[in-house]
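The structure appears right after this line, and notes come after that.
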Amino acid sequence: MKWLYKFLLIISLSSPVYAESSPATELSGLLTAIQTMQANFTQDVLDNRNKPIQRSNGKMAIQRPDKFRWEVTQPIPQLIISNQSRLWIYDPDLEQVTIRSLKKAVGEAPTMLLNYSDVALKKEYVITVLPKKSSSLQWFNLTPKNSDNMFVAVQLGFVNGMINQMKLHDHLGHMTLIQFKNIKANIALPSNLFTFKVPKGVDVIDETR
Numbered sequence: 021m022k023w024l025y026k027f028l029l030i031i032s033l034s035s036p037v038y039a040e041s042s043p044a045t046e047l048s049g050l051l052t053a054i055q056t057m058q059a060n061f062t063q064d065v066l067d068n069r070n071k072p073i074q075r076s077n078g079k080m081a082i083q084r085p086d087k088f089r090w091e092v093t094q095p096i097p098q099l100i101i102s103n104q105s106r107l108w109i110y111d112p113d114l115e116q117v118t119i120r121s122l123k124k125a126v127g128e129a130p131t132m133l134l135n136y137s138d139v140a141l142k143k144e145y146v147i148t149v150l151p152k153k154s155s156s157l158q159w160f161n162l163t164p165k166n167s168d169n170m171f172v173a174v175q176l177g178f179v180n181g182m183i184n185q186m187k188l189h190d191h192l193g194h195m196t197l198i199q200f201k202n203i204k205a206n207i208a209l210p211s212n213l214f215t216f217k218v219p220k221g222v223d224v225i226d227e228t229r
């Protein structure tokens with residue numbers, strides 16, 4: 021589950037979209053309209069034959085511009101917290117905490133693009149709007165311009181201006197589907213959601229030094 025941090029800083033949405041806007045501008049408008057978000061999620065990893073490999077469940081919270089909490093509750097607990105300049109990854113089963121620089125994680129974490137501005141989105145990704153296959157979901161496809169990115173494509177699905185799903189396609193042909201439920205947007209969130217205190221007795225791997 022350590023790779024999970026790479027997807028994680030997730031979510032922001034909803035705002036009027038104008039026909040003359042570019043896909044990047046439309047997406048940026050959806051993302052910047054939400055300053056906070058709290059939700060439950062399910063995450064399914066599928067192989068290149070679309071067969072399920074793994075499912076996990078949890079809950080998340082985000083506060084723009086740089087705070088998030090991603091907590092996997094099943095099957096293997098993991099907690100990921102970002103607060104300004106650092107990213108903490110806590111694996112209770114390993115009794116281990118890894119600390120990473122948020123700046124360095126940006127290029128590897130596709131969900132962090134949800135905090136991006138219009139300019140940043142255009143700089144890092146080629147963005148297109150996918151044809152609608154249903155009347156409810158609006159999909160944006162983001163192709164990284166940097167070939168070092170661990171994903172070949174990231175897709176964001178919105179329903180009525182609200183983020184509903186994410187699809188992450190890797191170089192092995194695997195696809196990770198993240199679905200959000202019980203979404204609450206633009207509500208006041210307690211600051212301790214984004215504060216991490218290292219538990220006693222755990223190993224600390226500080227990659228910021």
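To convert, take the position in the sequence shown, counting from 1, and add 20; that gives this note's numbering.
Think of the CB as a built atom: it goes at the ideal place given N, C-alpha and C, for glycine as much as any other residue.
Which of helix, strand or coil DSSP assigns to residue i
i    : result
G49  : helix
K217 : coil
S42  : coil
V37  : The pLDDT assigned to V37 is 41, lower than 50, so where the model puts this residue is not dependable, and the model offers no usable value.
V222 : coil
P72  : strand
P164 : strand
K201 : strand
S211 : helix
E115 : coil
K142 : helix
L13  : Not covered by the structure: residue 13. The range shown for the chain is 21 to 229.
Distance, residue j Cα to residue i Cα
i    : j    : result
I101 : L192 : 27 angstroms
D190 : V222 : 32 angstroms
K187 : I207 : 26 angstroms
L107 : N166 : 22 angstroms
L213 : A81  : 8 angstroms
S41  : L47  : 10 angstroms
P36  : L99  : Reliability fails at P36, whose pLDDT of 40 lies under 50, so the model's placement of it is uncertain and no value is given.
T163 : V218 : 36 angstroms
Whether residue i touches residue j by CB criterion (8 angstroms)
i    : j    : result
K204 : Q55  : no
N77  : H194 : no
L87  : F61  : The amino acid at residue 87 is misidentified as Leu; the sequence shows Lys. No; because the gap between Cβ atoms is not below 8 angstroms, this pair is not in contact.
8 angstroms contact criterion, which residue i and residue j should meet: CB distance rounded
i    : j    : result
L157 : G177 : 5 angstroms
Next on the checklist: Does the contact criterion of 3 or more C-beta pairs under 8 angstroms hold for the stretch 114-124 versus the stretch 210-226?
Outcome noted: With the cut-off at 8 angstroms, the stretch 114-124 and the stretch 210-226 touch.
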